Amino acid sequence: MHIQSNVYVGLKPSNLEQNTFSREIARNGISSATAGGGTVTATNLLENCDYILLAVTNNRYREQVLQQLQAYIQRSDPFEKLTISEPQLQDIMISPFGSNSDDANGSSPSHIGLLSSWIDLECIDLLQREMSYQVLLNECRLAQYIGINKLILAPPHDINNLKVYAQMISRLLNHDIFQKRTSNMILSVSLPMYEDSDPLATWDLWNTIRKLCGYHPSLMVSLALPRVKTPHYILDRWLTEPVSSLLLSSSIFATNQYNYPVLHKFNQNLIMKFQEVNGNSQLKSNSLVIILHGMEKYREFIKGGESAYLEYINFLLKRNDKLALQNSSRYSDKFQLNQPQLMSPLKPHSENLTNSIYSIFETDVVKYEKYDDAIKQAVIDIIKRRQQRSRQDITPITILVAGAGRGPLVSKVYNVSKTLDIGSHVRIIAIEKNPQAFLYLQKRNFEHWNNDVQLIHEDMSHWKSNDKVDLCISELLGSFGCNELSPECLWNIEQNHSKPDTIFIPQSYTSSIAPITAPLVYQKLSEESKIMGGDEQQQQQHLFQEPWVMHGIPFHILSNRINELWTFNHPSKHKPSKKTAYDLFNRSVTTEFKVKHRGEIHGIAGFFSAHLYGDTYLSIIPNGIGINKLDIEGNDERTKNLFSWSPLIFPLQEPLLINDDTEVSIMFCRRMDGGKVWYEWSVESYVYLVLSKQVDIRLGKSKDDTTMLQNNFQNNTEDKHNTNNTSTNIKHSKHNNNNNNNNNNNNNNNSSSTMTQPFEFESAIDENGFIPTYEDGWQSVQNMYEELGTGQVLRTDESEVSLQEDEDEEDINVRVKTGVSQIHNVNGQYFYMKFLKE
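Anchor point for the sequence shown: position 267 equals 267 in UniProt numbering, and the numbering is continuous, going up by one each time.
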């Protein structure tokens, strides 16, 4: 078995080394020229990496651009269009004459382009803004010609103008360079993984940019690893995002006892988590590059020099690959290792499955081992029960396999009967409606079962016979438990072909849900609606109104628990007087979740757990999260190495943005009517506000009347998210640590940022470095952009608000609605499972 790893290693040479690297790769791939005059050769470094990160243009191009801008201003022609010339040969850092194809498996490293950071996309001066855009466009054109597909962009200089920054990025992404169907270029915004003062602040920033750019498939993010441990909920959030590269500064490394550079255990685990995702969170690309930078700073103090960093990361990736292969063991198959897929749920009752689908699911060793255990327990119990009643009972044990498919469960039953030496006392019946699968059953009956199995080619829900079975076995479970119509299909057997003590396997199955963030799903469905053509709004409406199977697609559960919705039991626990379709098959539940950390809900994840028999269970519920159970009995621990089922997602037409400490209410229905079964769902969000009684009196409101508060709060919430958390104030002076003027800065734009006048780029950030060093979450990104002069630097500081509280006043808790989605798939208009009646 082979696992295809999509994680690669890259490096960013120092400024002095960049020209040498570019020349060497252009000349003959990897040569023996000395890099930057040091003791480490370019050959040693290039042999250990897959990508080289180089600036697209150099300082000469910057000077040429500024001269062109100055000449344009001096001409003072209001009708003249500004045109920034494209870079010439002496203006570029990456040779256009070498092999730069994006092939990380080639003989020489590929290139990643570092776009200019001295420009100011969000500048309030429109002329400078236009100049900045043209510089970026020229660099992207050059990169496309050279064959560079991955480009990294510096973060915004001024967070207060984030919308403008996103607007310019969106303008670039909607250019032909990125819009052509054949284009595979990626634009990645470099950000720290989190900010100490507000761990989700950088995710907020990314989410705002991403949303303003319409979830463009070419827009990704590059994350700088911090020196300290990343909170688990931050890591889980980023694992679902389209992360194209991880930026590792040499400053986050420690040294071991032999003076070699190593990462702390938490960052080793972080890289392993991203390796497990394996690039599957991206729509347009499926590779992740770990980029090392700043290695030259400490090469004199560590053993092995710069090469030691690369060798260590390569060792780490290979070790993780080996562990993944060991954990996969014999249970993994090609289906589990496929590319991530968003698939429509199977409808085996109304649509015949293909031979290839049967063959894939039959390789799930764990599932059939569990069924084998349950069958053995059930047969032994039936034998014991008969012996207790009468030792002279020689009536054969009748075992029915309902929906036999190509016969894997029939084989299990046949083998159990032989193992227990009761073959002559067992009658095996297999019923299957799929004509192609039935042919396979006939072949296996002749070749493997000695024609001892009675085969019935019929729909189990229409089967008419006088047979009463002792044991009924089925594998009609879907990813949501009941979504393949197991309750409806087995009803006929329960009513007409079972005894009072008939055992069913499974005995019960429970459906569970949780609100999730899954940006790739939303992005993929949005893109798919455009590809389908026609009325885009109608197509998009259709795609977001039906459930999808998420196979290998990363998602993050936002709530602190998963809630069970309903359980179907076999035989049914309903009394005869209440056996109507509405009681038996319809369900309607409103359930609530607590969400501690803000985020964006893209849909509802659906899981199932099943009690097969005795102490044997199946479950696809993720580990590590609590479950609000309907019944204290049962075992919902995820079944290890089970891959027949992947979770469902019931998507939202529009993502729902929620705040910290939000209560999410989900209405979920299963409906059956007119021969079809479907699901309906909607989501609402609430927060609790604490108001003094005096405020409530002044508003002239009762405790239950919160309409005005809801409207005001929703408006404030929208403003908060649109400005990317207004509680965070942005500083630009790198020595400014004054936190006492935050309120003034928020009310006065001039005091919250330094206005950049034309040609003041000497104080901006050079394109060959990232951002100056700070001891906070931005450090690794800042190390990438090495400081020249007195740079303007992005900083975030928490605003502090002092609230005067009157301890004598009585507080009132008010539940305020902050968001609501539409009801999806009403009356099964877009998606339903057809139940074939006679």
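Glycine included, C-beta positions come from ideal geometry on N, C-alpha and C.
Note that the structure is predicted; figures quoted are calculated from it, not measured.
Top-ranked residue by Cα proximity to residue i, from the options
{"i": "LEU584", "options": "THR567, THR590 and LYS596", "result": "THR567"}
{"i": "PRO647", "options": "PRO515, SER95 and TYR688", "result": "PRO515"}
{"i": "ASN450", "options": "ASN483, SER411 and LEU471", "result": "SER411"}
{"i": "ASP631", "options": "LEU455, VAL426, TYR509 and GLU663", "result": "TYR509"}
{"i": "TYR522", "options": "ARG171, LYS211, PRO192 and SER85", "result": "LYS211"}
{"i": "SER285", "options": "LYS524, GLU663 and VAL683", "result": "LYS524"}
{"i": "MET220", "options": "LEU420, VAL65 and PRO242", "result": "PRO242"}
{"i": "VAL549", "options": "GLU484, PRO396, LEU316 and LYS180", "result": "GLU484"}
{"i": "GLY674", "options": "SER287, ASP421 and LEU836", "result": "LEU836"}
{"i": "GLN436", "options": "GLY403, ARG427 and GLU369", "result": "GLY403"}
{"i": "ALA374", "options": "ASP615, ILE302, LEU223 and SER170", "result": "ASP615"}
{"i": "SER588", "options": "ASN825, ASP176, GLU680 and ILE399", "result": "GLU680"}
{"i": "ASN623", "options": "LEU187, ALA610 and LYS640", "result": "LYS640"}
{"i": "GLY207", "options": "VAL65, LEU656 and ARG389", "result": "Residue 207 is actually Asn in this sequence, not Gly. Checked all of VAL65, LEU656 and ARG389; the closest Cα to ASN207 is LEU656."}
{"i": "VAL413", "options": "SER665, LEU471 and ILE456", "result": "LEU471"}
{"i": "GLN91", "options": "ARG75, PHE274 and THR57", "result": "For the sequence presented, residue 91 should be read as Asp rather than Gln. Comparing Cα-Cα distances from ASP91 to each of ARG75, PHE274 and THR57, the minimum goes to THR57."}
{"i": "ASN280", "options": "SER559, PRO340 and ARG129", "result": "PRO340"}
{"i": "GLU130", "options": "GLN495, PRO408, GLN68 and ARG427", "result": "GLN68"}
{"i": "HIS497", "options": "SER417, SER307, LYS318 and PRO571", "result": "PRO571"}
{"i": "GLN454", "options": "VAL469, SER359 and ILE429", "result": "ILE429"}
{"i": "ARG237", "options": "GLU564, LEU558 and VAL820", "result": "LEU558"}
{"i": "HIS264", "options": "LYS297, TYR312 and LYS530", "result": "TYR312"}
{"i": "ALA216", "options": "LEU66, LEU441 and HIS175", "result": "Residue identity differs from the one stated: residue 216 is His in this sequence, not Ala. Comparing Cα-Cα distances from HIS216 to each of LEU66, LEU441 and HIS175, the minimum goes to HIS175."}
C-beta atoms of residue i and residue j nearer than 8 angstroms
{"i": "ILE218", "j": "LEU247", "result": "The sequence as given places Ser at residue 218; Ile does not occur at that position. Not closer than 8 angstroms, so no."}
{"i": "PRO519", "j": "HIS597", "result": "no"}
{"i": "ASN586", "j": "ARG670", "result": "yes"}
{"i": "GLU63", "j": "ARG141", "result": "no"}
{"i": "MET93", "j": "LEU137", "result": "no"}
{"i": "ALA605", "j": "LEU618", "result": "no"}
{"i": "THR240", "j": "PHE555", "result": "yes"}
{"i": "SER132", "j": "LEU114", "result": "no"}
{"i": "ILE431", "j": "ILE399", "result": "no"}
Cutoff 8 angstroms; reference residue i; Cβ partners in own chain excluding five residues on either side
{"i": "TYR51", "result": "TYR8, VAL9, GLY10, LEU11, ALA104, PRO109, SER110, HIS111, ILE112, LYS150, VAL289 and ILE291"}
{"i": "TYR194", "result": "LEU200, ALA201, THR202, TRP203, PRO226, THR230, PRO231, ILE234 and GLY777"}
{"i": "PHE544", "result": "LEU525, PRO651, LEU652, GLN653 and HIS824"}
{"i": "ILE383", "result": "ILE397, LEU420 and ILE422"}
6 angstroms Cβ shell around residue i - same chain, five flanking residues per side excluded
{"i": "HIS735", "result": "With a pLDDT of 38 at HIS735, under the threshold of 50, the modelled position of this residue cannot be trusted, and the question is left open."}
{"i": "ASN738", "result": "Model confidence at ASN738 stands at a pLDDT of 40, short of 50, so the residue's coordinates are unreliable; what they give is reported in the following sentence. Closer than 6 angstroms at the Cβ level, and outside the excluded window around ASN738, lies no residue."}
{"i": "GLY38", "result": "Its pLDDT being 42, under 50, GLY38 is placed unreliably in this model, and the value from its coordinates should be taken loosely. Result list for GLY38: empty, nothing under 6 angstroms."}
{"i": "PHE178", "result": "MET185 and SER218"}
{"i": "ASN492", "result": "SER461"}
{"i": "PHE504", "result": "CYS472 and HIS570"}
Close-in-space but distant-in-sequence residues of the same chain around residue i (CB under 7 angstroms, 5 per side omitted)
{"i": "GLN822", "result": "GLN653 and SER682"}
{"i": "CYS49", "result": "VAL9, GLY10, LEU11, PRO109 and LEU310"}
{"i": "SER465", "result": "HIS497"}
{"i": "ASN750", "result": "Its pLDDT being 38, under 50, ASN750 is placed unreliably by the model, and nothing is read from it."}
{"i": "ILE697", "result": "Note that ILE697 scores a pLDDT of 48, beneath 50, so its modelled location is shaky and nothing firm can be said."}
Range covered by the beta strand (DSSP E) that runs through residue i
{"i": "ILE52", "result": "51-55"}
{"i": "GLN454", "result": "453-456"}
{"i": "ILE152", "result": "150-153"}
{"i": "ASN267", "result": "Here ASN267 belongs to no beta strand (DSSP E); instead the alpha helix (DSSP H) covers 265-277."}
{"i": "VAL9", "result": "7-12"}
{"i": "GLU369", "result": "Looking at the DSSP string, GLU369 is not in any beta strand (DSSP E); the run it does join, the alpha helix (DSSP H), is 365-389."}
{"i": "ILE290", "result": "288-293"}
{"i": "SER222", "result": "219-224"}
{"i": "TYR165", "result": "Counting along the chain, TYR165 falls outside any beta strand (DSSP E), though it belongs to the alpha helix (DSSP H) covering 162-173."}
{"i": "TRP566", "result": "561-569"}
Residue range of the alpha helix (DSSP H) that includes residue i
{"i": "ALA518", "result": "ALA518 -> no alpha helix (DSSP H), and no H or E assigned at all."}
{"i": "MET185", "result": "Looking at the DSSP string, MET185 is not in any alpha helix (DSSP H), and its letter there is neither H nor E."}
{"i": "CYS140", "result": "126-146"}
{"i": "ALA437", "result": "435-447"}
{"i": "TYR358", "result": "355-361"}
{"i": "GLN68", "result": "59-75"}
Rounded Cβ spacing between residue i and residue j (contact assumed at less than 8 angstroms)
{"i": "THR662", "j": "VAL690", "result": "About 15 angstroms; that fails the 8 angstroms criterion."}
{"i": "LYS594", "j": "GLU684", "result": "That belief does not hold up - the Cβ atoms of LYS594 and GLU684 are roughly 14 angstroms apart, past 8 angstroms."}
{"i": "ASN259", "j": "ILE302", "result": "6 angstroms"}
{"i": "HIS551", "j": "MET343", "result": "6 angstroms"}
{"i": "ILE513", "j": "ILE666", "result": "6 angstroms"}
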